[in-house]
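Student:
There are 2 protein chains.
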Amino acid sequence: MLDERKAAILRAVVEEYIETAQPVGSSHVARASGVQVSPATVRNEMVQLEQEGYLHQPHTSAGRVPTDKGYRFFVDALTDPGSLDATSGQRVQAFFRRAHGAIEQMLQDTSQLLAELTDYAAVVVGPGHEDAVIRSVQLVGLAPRTALLVVVLSNGAVDKSVLDLDEDTGDERLAAVTAHLSAHLVGSTLGELPTLPATGDPATDRVSALAVDALTAATRTEPDEVYVGGASRVAVAFDAVESVRQVLSVLEQQYVVVGLLSDVLDRGLTVSIGSEHQPLSECSIVVAPYQVEGEPAGTIGVLGPTRMNYQQALAAVAVVSRRLGRRLSEG
Amino acid sequence: MLDERKAAILRAVVEEYIETAQPVGSSHVARASGVQVSPATVRNEMVQLEQEGYLHQPHTSAGRVPTDKGYRFFVDALTDPGSLDATSGQRVQAFFRRAHGAIEQMLQDTSQLLAELTDYAAVVVGPGHEDAVIRSVQLVGLAPRTALLVVVLSNGAVDKSVLDLDEDTGDERLAAVTAHLSAHLVGSTLGELPTLPATGDPATDRVSALAVDALTAATRTEPDEVYVGGASRVAVAFDAVESVRQVLSVLEQQYVVVGLLSDVLDRGLTVSIGSEHQPLSECSIVVAPYQVEGEPAGTIGVLGPTRMNYQQALAAVAVVSRRLGRRLSEG
DNA sequence: GCTGGCAGTCGATGATACCGAGTGCCAGCC
DNA sequence: GGCTGGCACTCGGTATCATCGACTGCCAGC
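These protein sequence lines are chains A and B, in that order.
Each step along the first sequence adds one to the number in the numbering used here, with nothing skipped, and position 223 is 924.
Each step along the second sequence adds one to the number in the numbering used here, with nothing skipped, and position 112 is 813.
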């Protein structure tokens, strides 16, 4: 598609623009590019690269800036998986060696880690709960007509739903329901709950059904938890205050973020550039799913300007997703 | 301290500066102020106001800008508690009427509500867990040597701690410990856990002690949960990108936020202006505690530039804190 | 087909002048 | 004595203009 030299020139432009954020002129390219040609030749090639949509010229007498298509080519050509520098690698190691305790806190910390590694905002989407195995079910009375359904999952997460009961329900009845639910739900996954057999006691059956309904409803509607780390970094990555506002605004809306990341779930380590995704056309996103016990569980990602450091971001996301998955598989 | 006219002039300067963000000149004040005097007189007064530290002049031949001290006077003089406009009031009503379900989600939504009402970033600090009564204690095995301690509190919150056990522990033993813990801890508060009597079984006692230790440790060290809403609004409230970064950066650090808000816990509805607090001298904070069942439980606050709309923010924080407390007291 | 040379473009930078909002001060008036 | 109108003065912001320089496109020649 692009001959060797054009590709080299495009690469040089992208690299320099990522570094300097200034339009890149032909002489810079001639100096930097692997191919040794004169600036005039570079200019001729750049005209064509512009016609083909890889580059863009803000105005005559200015250098060139990569378009989204240009970044796309650059990223696709990044055969080198890129690896983290030594200190970053060690940080990741140390982080996951020390990582411990509640899964939510760990995911939050992971987003923070990723943000620090890349210097961009980072997002971690928690493992969905559909596939998690139920370890324990319990109904706890909070008020005469309110009970809390607490479900402990095998990965250490705890789901809870508030149940509004039709009538005052004593602790004995709740205990009976808890026993009934425990007997039949423990060992199943939230995604595929078995139907409960009748107990003979209609009141117990009614509350049990309520609990199961609440559980399925919660599993369906609740969006996966999103952890955003390093949001303040968007303020330096984008210097226009309006861009900052837009990005932050999107990051506040969990479901949008989930949508942004999750449609790349089965594509592995992926980059989405500017206009390739729906909101945030000024941003690029580097995403990867992480696998727990062989199954894709959640995603992690980094969000930066289109002129982000893709190499570094890709390396960081790859490493962290792998280690996070491994860590979570250990249980 | 300030005579009537000086106060009126200062008020006019503050009000206009809050609105326009431009240094305010004497003629504007003369036009707007309640007192009808000539610009020349206003100038004479302003010179004194500046000498006394209420105003500041960016440069000769510019208008005046309030200092933090000026804002302080203005805020203290706000006898009018200020009430929300009708639509906002209805929004709050509607919100708490509909509010329902898990407490965490509700607090998060509350921060969002407060942000929308004021158009500044808002923070909600959840009720501390020390005073909450334990409704249920349960140990759930996750792995041979790992168990999850799940504690349900009377306010619907769920605390959990991961326990690392010394030796493989079967479900029967965990059940025994759960029974033991339940028998003695349910009904106590996390802040004042009773000491457990021995059961006679050393293994059970050991695990139980481990659980209690984890619980006290968690209650001590875990910072109160912080919910930040409307963070993107700092991007419009501050137009310097560096200021935005600083504010966001602070908002990311939960414990700093808690510190910022919590030292005003027993002072009721409070405003802290610029340099009056430690970090974020460019910001003002409007805070109020909310009370659950008569006891101060947590705090809510709004964070904006020193030239924020104090009236509106005060009104919003007052109303929301009151209704939030009431809502949480209902259980 | 590559290159050096060259004229041309156009934003960025800097000097200059000007404008106007705002001040401090003062003399006069109530 | 205090308020006011008048006045000279300051000084940042804006507009104008020239210059500069980093580019480009094009062309003739190697």
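Glycine is no exception: its CB is placed at the ideal position from the N, C-alpha and C atoms.
1. Please classify residue 914 (chain A) as buried or exposed, where buried requires at least 16 neighbouring CB atoms within 10 angstroms.
2. Tell me where the beta strand (DSSP E) around residue 969 (chain B) begins and ends.
3. Does chain B have any CB closer than 8 angstroms to the CB of residue 849 (chain A)?
4. The alpha helix (DSSP H) that contains residue 903 (chain A), what's its start and end?
5. So which residues on chain A does residue 744 (chain B) lean against when the C-beta distance must stay under 8 angstroms?
6. List, in chain order, every chain A residue whose beta-carbon is nearer than 8 angstroms to that of residue 876 (chain B).
7. Do you know whose CA, among B:909, B:792, B:723, B:849, lies nearest residue 803 (chain A)'s CA?
8. Are the beta-carbon atoms of residue 828 (chain A) and residue 1021 (chain A) separated by less than 8 angstroms?
9. Mind checking whether residue 730 (chain A) and residue 714 (chain A) have CB atoms under 8 angstroms apart?
10. What are the residues in the stretch 946–962 of chain B lying within 7 angstroms of chain A by C-beta distance?
11. Rank B:1024, B:747, B:749 by C-alpha distance to the C-alpha of residue 796 (chain B) and give the top, closest one.
12. Do residue 732 (chain A) and residue 747 (chain A) count as a contact pair if the criterion is CB distance below 8 angstroms?
13. Rounded to whole angstroms, what is the Cα-Cα separation between residue 749 (chain B) and residue 727 (chain B)?
14. Please look up how many angstroms separate the CB atoms of residue 936 (chain A) and residue 945 (chain B), rounded, as I've assumed it's under 8 angstroms.
15. Please work out which residues of its chain come closer than 7 angstroms, Cβ to Cβ, to residue 717 (chain A), disregarding the five sequence neighbours upstream and downstream, and give them in chain order.
16. To the nearest whole angstrom, what separates the beta carbons of residue 826 (chain A) and residue 959 (chain A), a pair I think is in contact under 8 angstroms?
17. Starting from the C-beta of residue 774 (chain B), find all residues in its chain whose C-beta is less than 8 angstroms away, skip the five residues before and the five after it, and write them out in chain order.
18. Please list the residues of the stretch 857–872 of chain B that have a C-beta atom closer than 7 angstroms to any C-beta atom in chain A, keeping them in chain order.
19. Going along the chain, which residues of the stretch 794–807 of chain B sit with their C-beta nearer than 8 angstroms to a C-beta in chain A?
20. Looking at the C-beta of residue 981 (chain A), does it have a partner C-beta in chain B at a distance below 8 angstroms?
21. For residue 940 (chain B) and chain A, any beta-carbon pair shorter than 8 angstroms?
22. In angstroms, rounded to a whole number, what distance separates the CA positions of residue 878 (chain B) and residue 830 (chain B)?
23. Look up residue 947 (chain A) in the DSSP assignment and say whether it is helix, strand or coil.
24. Quick check on this structure: which residue in B:1014, B:981, B:980, B:983 has the alpha carbon closest to the alpha carbon of residue 989 (chain B)?
25. Can you check whether the CB of residue 920 (chain A) is closer than 8 angstroms to the CB of residue 892 (chain A)?
26. Between A:763, A:760, A:770, A:737, which lies nearest to residue 753 (chain A) when the distance is taken from Cα to Cα?
27. I'd like to know whether the C-beta atoms of residue 838 (chain A) and residue 883 (chain A) end up nearer to each other than 8 angstroms.
28. Under 8 angstroms between the Cβ atoms of residue 1012 (chain B) and residue 842 (chain B)?
29. Measuring alpha carbon to alpha carbon, tell me which of B:780, B:817, B:810 ends up nearest residue 789 (chain B).
30. On the criterion of 16 or more Cβ atoms from any shown chain inside 10 Å, does residue 925 (chain B) qualify as buried, or is it exposed?
31. For residue 890 (chain A), list the residues DSSP reports as bridge partners.
32. Quick check on DSSP: helix, strand or coil for residue 1015 (chain A)?
33. Return no unless some Cβ of chain A is closer than 8 angstroms to the Cβ of residue 739 (chain B).
34. Name the DSSP beta bridge partners of residue 860 (chain B), please?
35. Could you check the C-alpha separation between residue 932 (chain B) and residue 1008 (chain B) for me, to the nearest Å?
36. Determine which residues of the stretch 832–848 of chain B have a Cβ less than 8 angstroms from any Cβ of chain A, and write them out in chain order.
Tutor: Walking through what the data contain:
1. exposed
2. Taken as a continuous stretch (DSSP letters only), residue 969 (chain B) belongs to no beta strand (DSSP E), as it is neither H nor E.
3. yes
4. 903–922
5. In chain order: nothing, as chain A lies at least about 35 angstroms away.
6. Simply none; closest approach about 11 angstroms.
7. B:849
8. no
9. yes
10. 946, 949, 950, 953
11. B:1024
12. no
13. 13 angstroms
14. 5 angstroms
15. 725, 729, 733
16. 6 angstroms
17. 703, 708, 711, 755
18. 857, 859, 861, 863
19. 801, 802, 803
20. no
21. yes
22. 23 angstroms
23. helix
24. B:1014
25. yes
26. A:770
27. yes
28. no
29. B:817
30. buried
31. A:834, A:893
32. helix
33. no
34. B:852
35. 18 angstroms
36. 836, 837, 839, 841, 842, 843, 844, 847
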